[in-house]
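Undergrad:
Residue numbers (full-length UniProt numbering): 1 to 408.
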C-alpha cells in the first residue's frame, strides 16, 4: 500500500474489509439460498470468491487494530468498523507462503476447543495452539487466563457441577466461577495415559463420577478408578490395551439415567448410567459423529457423517428405554420409521439443546436452529469448523467456538 498516514491507511483497510467482504458474503448467501430451495446438484454457478487483496497484510493490520481496541475498551466501535469475518483468516493462512508463516497465523488465532457456560453470560473456554491448551475465563468482553494444561472442561446438566481434566486428575467443583470460588466436590486420579490432548468431559449431576470421551476410549471415572464402557469387544482376540478410536463422541441425558456413545467403527450405543448396553442407533450416513439429548430429555439426536456432510435423526426416549434398535442406512427407505429426520446435510461437531429445538454447528462453519420435528428455524454462517458451543444461563445466547476447518 502507499505510504500514507495511519488514519488514511485504516480507512483503506476498512473499505477493503467491508465492501469486498460484503460482496463475498452476499454471493455465499445467494448460493446457499438457491441450494436450499433447488438442491446443490441444481446449482451451476461459480463458487463465491473472496476478492479482498493482500490478505496476509490485511489480516495482520486488522488483528493489530483489534488488539488495540481491546486494550482501549473500544470493541463495540471496532465491531462496527470491521464486522466479524472469520473466513478471511482462513484465506490468510492459505496465502501464507511457507510452513513458518502458516504457524504464525495459527499461533495468533488459536483454536477454541471447548466452551462451558458459567453464571450470566460468563463462560470458560479452552484455546489451543502449538504450545498446548490453556483455560480462559470470559467475563463480558474481558478475557483472563485461568490455567495452562487443562485438557477439558465440562458442566453437569444440573446442579452446577464443573469438571476440570488434566493428564493426572479430574477436579469436580460445585458453583465454580473460574477463579477461586466454588466447593471442591471430588478429586479423582484417573491413571489414564491420554494419548492426545483432545478430550471431552461430562460430570454427573451428583458429582459422583464423570464421562470421559477421548481417542483412548470412552470411560466412566470415579473414586473407584476408570471403567472403559466403549468400545467393548466381544471377541477375545481383540486387544484393547492399545485402544485408539476416531470420532469419539458421547453424551448424558439431563437426568443422567442414560449414556450414548459412538465412534468411527461402531453404531451409537445406548447404555444405562453404569455403562451397560440397552440398545443401538445405526449410522444413517457413514460414521457416528455426534449425539445430544433434547432439553426435556424426550428425544435423542444422533449424527453420522461422510466427508463434510451428514445425517441427523431424532429418536423418542420412551422407545430407547424399551431397547430400541435403529437399523443403519434406513432414513431414505420407504415405510414407517422409528425415528425423525432432523437434518440431511450437516456433519455436526457441536450443539446445544434449547427449549424445544437444537442449535447445531457443522464442518462448514454454519450454525443452524432445527426443531425436534426437523423444521428449519434459522441459519448463520461463522466460518471454519464450529468445534464447541454453549448456552448462556438464561438460554438466550449461544456462544460458539471456531477452529480452522477440519480434514474430512
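Every residue, glycine too, gets a C-beta built ideally from N, C-alpha and C.
Considering only residues of the same chain and omitting the five flanking positions on each side of residue 353, which have a CB-CB separation below 7 Å?
TA: 292, 293, 294, 295
Undergrad: May I ask which residues mark the beginning and end of the beta strand (DSSP E) holding residue 192?
TA: No beta strand (DSSP E) holds residue 192; DSSP gives it neither H nor E.
Undergrad: Return helix, strand or coil for residue 333, following the three-state DSSP convention.
TA: coil
Undergrad: To the nearest angstrom, report how far apart residue 319 and residue 303 are at their CA atoms.
TA: When rounded, the distance between both Cα atoms is 18 Å.
Undergrad: To which residues of the same chain is residue 135 closer than 7 Å at the C-beta, ignoring the five residues directly before and after it?
TA: 124, 126, 146, 147, 150, 153
Undergrad: Excluding the five sequence neighbours on either side, which residues of its own chain have a C-beta within less than 7 Å of the C-beta of residue 75, listed in chain order?
TA: 69, 141
Undergrad: Using the Cα positions of residue 158 and residue 20, report the straight-line distance between them to the nearest angstrom.
TA: 46 Å
Undergrad: Measuring straight from C-alpha to C-alpha, what distance separates residue 416 and residue 325?
TA: Since the displayed the chain opens at 1 and closes at 408, residue 416 lies outside it and no answer follows.
Undergrad: Buried or exposed: which applies to residue 62, given that a residue is buried once 16 or more other Cβ atoms fall within 10 Å of its Cβ?
TA: A residue is called buried once 16 or more other Cβ atoms fall within 10 Å of its Cβ, and residue 62 is buried on that count.
Undergrad: Under 7 Å, do residue 174 and residue 160 count as touching if we go by C-beta distance?
TA: It is a contact, given that the beta carbons lie within the stated cut-off.
Undergrad: In whole angstroms, give me the CA-to-CA distance for residue 247 and residue 170.
TA: 22 Å
Undergrad: For residue 112, which option in 119, 130, 120 has the closest C-alpha, if you only look at C-alpha atoms?
TA: 130
Undergrad: Among 121, 272, 50, which has the Cα closest to the Cα of residue 322?
TA: 272
Undergrad: Taking C-alpha atoms, which residue in 256, 249, 195, 217 lies nearest to residue 207?
TA: Residue 207 has its Cα closest to that of 256, out of 256, 249, 195, 217.
Undergrad: Using DSSP's beta-bridge definition, name the partner residues of residue 385.
TA: 403
Undergrad: Just how far apart, CA to CA, sit residue 1 and residue 10?
TA: Interpretation of residue 1 is limited by its pLDDT of 44, a score under 50 that renders its predicted location unreliable; the figure taken from the coordinates is listed afterwards. Looking at the two C-alpha atoms, the distance is approximately 11 Å.
Undergrad: Please state whether DSSP places residue 64 in a helix, a strand or coil.
TA: helix
Undergrad: Out of curiosity, what's the CA-to-CA distance linking residue 400 and residue 333?
TA: In a straight line, the C-alpha of residue 400 is about 35 Å away from that of residue 333.
Undergrad: Considering just the uninterrupted stretch of the alpha helix (DSSP H) at residue 31, what are its terminal residues?
TA: 21-38 is the extent of the alpha helix (DSSP H) around residue 31.
Undergrad: For residue 163, list the residues DSSP reports as bridge partners.
TA: 154, 172
Undergrad: As a quick exercise: from 316, 162, 189, pick the residue whose alpha carbon is nearest that of residue 181.
TA: 162
Undergrad: Output needed for residue 358: all residues of its chain with C-beta closer than 6 Å, excluding positions within five of it in sequence on either side, in chain order.
TA: Shown here for residue 358: same chain residues with a beta carbon closer than 6 Å to its own, the five before and five after excluded, namely 351, 370 in chain order.
Undergrad: For a test of the three-state rule: what should DSSP assign to residue 338, helix, strand or coil?
TA: coil
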